[in-house]
Each structure stands twice: as structure tokens, then as C-alpha cells.
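Heads up: the sequence shown begins at 1 in full-length UniProt numbering, then just goes up one per residue.
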Amino acid sequence: MSREMTLSQAAFGTDGLLRKTLMVVFGTLLIALAAKVSVPLWPSPISLQTLAILTVGFAFGSRMGAVTLLVYLAQGWAGLPVFTPTTALGPLAFVGPTAGFLVGFVGMAWLAGLAAERGLAKGFLGTALAGVVISALLYIPGAIWPMAVAGALGVEAGWVGLDASAVWAGFVAPFLIGDAIKAVLAALIVTGAWTVLRKRG
């Protein structure tokens, strides 16, 4: 399957270290700001963090999307307040119960970018479906991490009772509706940007 041009390549070109650096800076800033926005939604409030990650991935492509998220995680590791307000600062964020999601963000951006490059995220429906599938895949590392740590550390970690049903109830089920909505919104943003770009061209 041939590679297709991403939104960022169509808008800004592909060459230039400065251009790529500015893209990464903008992407990490966008994700950090989105992580601070809490939207009241049943059954649980959601942040716009993964909406921004999907958008960055679809727009930047697989490589630049993954690099942007690696820089974002490095910023969080360094203690910058770029994660959601409920996530610990610094290295502690990467041993807490949501660490699997943090690491999974890199794969999320990479997969979104790959879907765009391979033409799988083409048009609103294709992009929305790709976003829903990729959002669902994020729950694999997100759910495995707390179960693995609970099993390994048990009482010492204070994570007693985090079996599969508890992880489903606390880490997955409350956020499924919100993640589906964010996938649709990411598709609207990216396909809308493509429409504007094509009209200007």
C-alpha cells in the first residue's frame, strides 16, 4: 500500500529541521493544554488529551507523531505540568496506575499517523473508524499495567483488588463513550482542515 501525504506535509512541506521542531513544540503544547481541559460527561468526566493525540497523529504522520509524543513524555518525566491534573508529576507518573496509558500514547500517535499515511484514515468515516479502533487499542497497555503491578507488588503498592473486573470498572468502562466521541471529533478536525486546505489550493 502506497504512502499518502499527511495534512502537515500538504500544509507545510516535508523539509527543514526548524519546521519539524516547531511542529513538535506545537504538538506537545496542544496535548498539554488539552490534558488540562475536563469535560463533564456521563459516566465520568473526560480530558481532551487523547483527542489532541489522535489529531497530532493523523496530521503529523507516524514518525513525527511518535516523536512528538516521546518529547511530550520527556517533558512530563522532567516534571513539567503537561499531564492531566490527576497524574503525578515527574518520574512518579510512570509508576502510577495510569502509566500504561502514558506509554501507550506513543503507539496511539504512531498508529494514527500510519493510518493517515496508508490511506486508511481517509475522509470523515474512515478517519473516525480508525480513531475508534486506535482508541480501543490504547486500553491494552492501559489495563495491563495496573494489573501487572498489582500482581507483582500487591500490598506494598496499595493496589490490592485490581483484578480484571476492577480494572475494567475503573480504567476502561467509564471512558469508552468519551473516547468514541473524541475519535469522531478528531476526524472532524482533520477532515475539516483538509477541506480548507484543498479550497485554498
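For glycine and all other residues, C-beta sits at the position ideal for the given N, C-alpha and C.
As the structure is a prediction and not an experimental result, all values here were calculated from the model.
Using the Cβ count rule (16 or more neighbours within 10 Å means buried), how would you classify S38? In the sequence shown, counting from the first residue as 1, residue 38 sits at position 38. Residue environment analysis places S38 among the exposed positions, since fewer than 16 neighbouring C-beta atoms fall within 10 angstroms of its C-beta.
Cβ of A186 within 8 Å of Cβ of L89? Along the sequence shown, one-based indexing puts residue 186 at 186. Along the sequence shown, one-based indexing puts residue 89 at 89. At the C-beta level, A186 and L89 stay beyond 8 Å of one another.
Between the Cα of I189 and the Cα atoms of G119, V56, T68, L41, which residue gives the shortest distance? Numbered from 1 along the sequence shown, position 189 holds the residue referred to as residue 189. That would be V56, whose Cα lies nearest to the Cα of I189.
In terms of residues, what are the limits of the alpha helix (DSSP H) holding L117? Here residue 117 is taken as the residue at index 117 of the sequence shown, counted from 1. Position check: residue 117 holds Glu in this sequence, whereas Leu was assumed. Under the DSSP assignment, E117 falls in the alpha helix (DSSP H) whose first and last residues are 99 to 117.
Short Cβ contact (8 Å threshold) for G107 with A93: The residue labelled residue 107 in the question sits at position 107 within the sequence shown. The residue labelled residue 93 in the question sits at position 93 within the sequence shown. Result no, Cβ atoms of G107 and A93 do not sit closer than 8 Å.
Counting only the same chain and skipping the five closest in sequence on each side, list residues whose C-beta sits under 6 Å from that of V155. In the sequence shown, counting from the first residue as 1, residue 155 sits at position 155. Because the pLDDT at V155 is just 43, under 50, the model does not fix this residue reliably, and the value given afterwards should be weighed accordingly. Excluding positions up to five away in sequence, the list is empty.
Segment contact flag, the region 126 to 145 with the region 9 to 28, C-beta cutoff 8 Å, min 3 pairs: Too few Cβ pairs lie closer than 8 Å, so no.
Leaving aside the five residues before and after P91 along the sequence, list all residues of the same chain whose C-beta is less than 8 Å from its C-beta, in chain order. Taking the first residue of the sequence shown as position 1, residue 91 is located at position 91. Excluding sequence neighbours, P91 sits near W77.
Please classify I134 as buried or exposed, where buried requires at least 16 other C-beta atoms within 10 Å of its C-beta. Working through the sequence shown from its first residue, we reach residue 134 at position 134. Counting every other CB atom within 10 Å of its CB across the protein chains shown gives I134 a total of 16 or more, marking it as buried.
By a C-beta neighbour count over all protein chains shown, 10 Å radius and 16 as the cutoff for buried, is T84 buried or exposed? Position 84 of the sequence shown, counting from 1, holds the residue named residue 84. Buried is the label assigned to T84, since at least 16 other Cβ atoms lie within 10 Å of its Cβ.
Taking a contact to mean a Cβ-Cβ separation below 8 Å, would you say L69 touches F105 in this structure? As a working note, residue 69 is residue 69 in the sequence shown. As a working note, residue 105 is residue 105 in the sequence shown. Yes, they are a contact pair.
Nearest neighbour of A121, chosen from F60, G96, V82, V67 [CA to CA]: Residue mapping note: residue 121 aligns to position 121 of the sequence shown, counting from 1. If you compare the alpha carbons of F60, G96, V82, V67 with that of A121, the shortest gap goes to F60.
Please state whether DSSP places G161 in a helix, a strand or coil. To locate residue 161, count along the sequence shown from 1; it is residue 161. Residue placement at G161 cannot be trusted, given a pLDDT of 48 that sits under 50; the coordinates are not used to answer.
So W42 is in the alpha helix (DSSP H); what residue range does that whole segment cover? Here the question's residue 42 lines up with position 42 in the sequence shown. No alpha helix (DSSP H) contains W42, which DSSP labels as neither H nor E.
Measuring only the C-alpha atoms, how far is F124 from V184? The count along the sequence shown starts at 1 and reaches residue 124 at position 124. The count along the sequence shown starts at 1 and reaches residue 184 at position 184. So the two alpha carbons sit approximately 8 Å from each other.
Look up S47 in the DSSP assignment and give the residues it is bridged to. Taking the first residue of the sequence shown as position 1, residue 47 is located at position 47. DSSP output for S47 lists S38 as bridge partner(s).
Are G113 and T191 close, meaning C-beta to C-beta below 8 Å? In the sequence shown, residue 113 corresponds to position 113, counting from 1. In the sequence shown, residue 191 corresponds to position 191, counting from 1. A distance of 8 Å or more separates the beta carbons of G113 and T191.
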